[in-house]
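Each residue of the sequence shown is one higher than the one before, starting from 1072 at the first, in our numbering. Backbone N, C-alpha and C fix where the C-beta goes; we use that ideal spot for every residue, glycine too. Bear in mind the structure is a predicted one, so any value in this text is a computation, not a measurement. To keep things clear, I will list the structure first and then write my remarks on it.
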Amino acid sequence: MRDRLRAAVHGAYERVLRREIDGAPEHVAVIMDGNRRYARERGRDATDGHRSGAQTTEQMLDWCADLGVEELTLYAFSTENFDRPAEQNEQLFDLLTEKLREFADADRVHEQGVRIRTIGETERLPERVREAATYADRRTAGYGSFTLNIALAYGGRAELLGAARGIADAVDAEDIEPGDVDVAEIESRLHASPVRDVDLIIRTGGDERTSNFLPWHANGSEAAVFFCTPYWPEFSKVDFLRAVRTYESREASWRRTRARRALALVRSLGTEVKEARRVLDRLKETLPESPDVEEPERRSAD
1072 MRDRLRAAVH GAYERVLRRE IDGAPEHVAV IMDGNRRYAR ERGRDATDGH RSGAQTTEQM
1132 LDWCADLGVE ELTLYAFSTE NFDRPAEQNE QLFDLLTEKL REFADADRVH EQGVRIRTIG
1192 ETERLPERVR EAATYADRRT AGYGSFTLNI ALAYGGRAEL LGAARGIADA VDAEDIEPGD
1252 VDVAEIESRL HASPVRDVDL IIRTGGDERT SNFLPWHANG SEAAVFFCTP YWPEFSKVDF
1312 LRAVRTYESR EASWRRTRAR RALALVRSLG TEVKEARRVL DRLKETLPES PDVEEPERRS
1372 AD
């Protein structure tokens, strides 16, 4: 009885949240934290936690499709993760290999036109993972309705450092002029950048930090950030809707701020125009009459 009541309340809250959301961010990025802790608290090994998390990932694709999100980036394996015990990483590499191929063959992926890409220093990954990533990329290369980026062997600071070094080498070799370095040049040197800048970062598991994730595409666009306590395997659609609501609230706040600034600017310009007119009138009084001196045409400041 208690479980049914909880499910009913949860469903009702989900419907309320859905009605409160007018749109959706174009690009959501997720730090899927808490898989190992989820498993440990249940007396299971880490691989079981990652498998449970993979089920949430599949659901996330449906939630994004429901709201109209166009791009999803998942932080699956960071460069720092290479420091974990080799046995633990090998188990995770096996799971990544399995899921990349499974996703590439899934009916829902092809029905929804999902383009699967991997970003990061993938050359550092075992051959079986690289082959699975290539398979997923090839199987979905013709799609563009939705983009799923899997961040593997990814580290934001290392990525930016590599881009900076590449540009420095190109300038030193006189292949590019320093003044020609622009946003497009930097992005061309990042590890298979996402298609769009990030609008919303979600981190599960309770930690409130973005862990070196997509600094160029998230910080540069001032992405909204939503931290929540559920571990990734426990992350629900209600949690996702709450994250999107946070994004919409932030966007509304930004729109109000921009509107206030624009209004202040218009008022300031209006004051300056009136003052300029007074100065011009005083100046005309001090000048001798001459047919060569013409009053500039006045235009309404309204």
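For this session: Leaving out five residues on either side along the sequence, give the residues of the same chain with a beta carbon under 6 Å from the beta carbon of R1228.
Result: N1283
Problem set entry | Straight-line Cα distance separating V1252 from D1246 | Their Cα atoms are separated by approximately 11 Å.
Problem set entry | Heavy atom of the ligand ATP within 6 Å of R1115 beta-carbon | You won't find the ligand ATP in this model; it holds no ligand whatsoever.
Exercise. Secondary structure at T1144, three-state DSSP: helix, strand or coil?
Worked result: T1144 carries a strand assignment under DSSP once its states are collapsed to helix, strand and coil.
Exercise. Which of the three DSSP states, helix, strand or coil, is assigned to P1362?
Worked result: Bear in mind that the predicted position of P1362 carries a pLDDT of just 48, short of 50, making it unreliable; the figure below should be weighed with that in mind. The answer is coil: DSSP assigns P1362 none of H, G, I, E or B.
Problem set entry | Sequence ranges, alpha helix (DSSP H) only - wholly within the region 1079-1142, length at least 4 | DSSP runs (the alpha helix (DSSP H)) wholly in the region 1079-1142: 1106-1112, 1117-1138.
For this session: Tell me whether A1177 sits in a helix, a strand or coil according to DSSP, three-state version.
Result: coil
Exercise. DSSP state of A1255, grouped into three classes?
Worked result: helix
Problem set entry | Buried or exposed (CB count within 10 angstroms, at least 16 for buried), P1304 | buried
For this session: Kindly indicate which three-state DSSP category I1273 falls into: helix, strand or coil?
Result: strand
For this session: Can you tell me which of the three DSSP states T1205 falls into?
Result: helix
Exercise. So, do the region 1181-1193 and the region 1211-1220 have three or more beta carbon pairs nearer to each other than 8 Å?
Worked result: Below 8 Å, enough C-beta pairs join the region 1181-1193 and the region 1211-1220 to call them touching: three or more.
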